[in-house]
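Right under this line is the structure:
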């Protein structure tokens, strides 16, 4: 895997920021200038996620033992 130089990393970060700003601009044109405040991201249910991952790992381990 090639390493990313500082200049490349800076360029990629700038591109990502411009992309996000463009998306927010389009969103504001459709929904209004204060619509971005209404856009909320739900919190992850960490207990459910932890139990699901644990269950999947245990199931995979059982399958490996059976083979």
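Residue numbers (full-length UniProt numbering): 1 to 67. All residues carry an ideal CB built from backbone N, CA and C; glycine is no exception.
First and last residue of the uninterrupted alpha helix (DSSP H) at residue 26: That run of the alpha helix (DSSP H) goes 6 to 31.
Distance between residue 57 and residue 51 (C-alpha atoms, nearest Å): Going from the Cα of residue 51 to the Cα of residue 57 covers about 10 Å.
Limits of the alpha helix (DSSP H) - the one that residue 44 falls within: Residue 44 -> no alpha helix (DSSP H), and no H or E assigned at all.
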